[in-house]
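Heads up, the thing below is written out as structure tokens.
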Amino acid sequence: MAEIDEAVTRMLFESYGVEKYHDNHFRLTFHNLQLIKYKVPEKLGGDVGLCSHTDKTFSTILHQNHVSGPEINTKNDEWVAFDPLPSSVVSIAGDAFKSLHCNKYGHDPN
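Take 1 as the starting number for the sequence shown in the numbering used here and just add one per residue.
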């Protein structure tokens, strides 16, 4: 997972024209593996997943493993369902990345 994160992060840094900072950033990056298993709802049709949140990290790598659930928070503060293919590995820009974007461009990337 760290290799995927490094490749994606490098592409992001390159796209912002700050690739010279990538190696130092990645060298100082602490990787945290967090596994979350959605529980089966107590009643049929109940919600599955976590409470609404944004990822505070720089980036998140998500493997759905045949469970739908992620949502995207829009500019209008609405949560929209996102249903990646079951075999997908999704890279999500977290709040720390959005901070980098705001510092460079002066606005939220959403």
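The beta-carbon is built from N, C-alpha and C at its ideal position, and this holds for glycine as well.
Proximity of residue i and residue j at Cβ, strictly below 8 angstroms
i, j, result
"PHE13", "PHE58", "no"
"HIS53", "VAL89", "no"
"ILE72", "ASP5", "no"
"ALA2", "HIS31", "yes"
"ASP83", "ASP55", "no"
Status (buried if at least 16 other CB within 10 Å, exposed otherwise) for residue i
i, result
"ALA93", "buried"
"THR9", "buried"
Identified DSSP bridge partners for residue i
i, result
"ILE72", "VAL80"
"LEU62", "VAL90"
Residue range of the beta strand (DSSP E) that includes residue i
i, result
"THR57", "Counting along the chain, THR57 falls outside any beta strand (DSSP E), and DSSP gives it neither H nor E."
The alpha helix (DSSP H) enclosing residue i, as first and last residue numbers
i, result
"SER15", "2–15"
"HIS22", "22–27"
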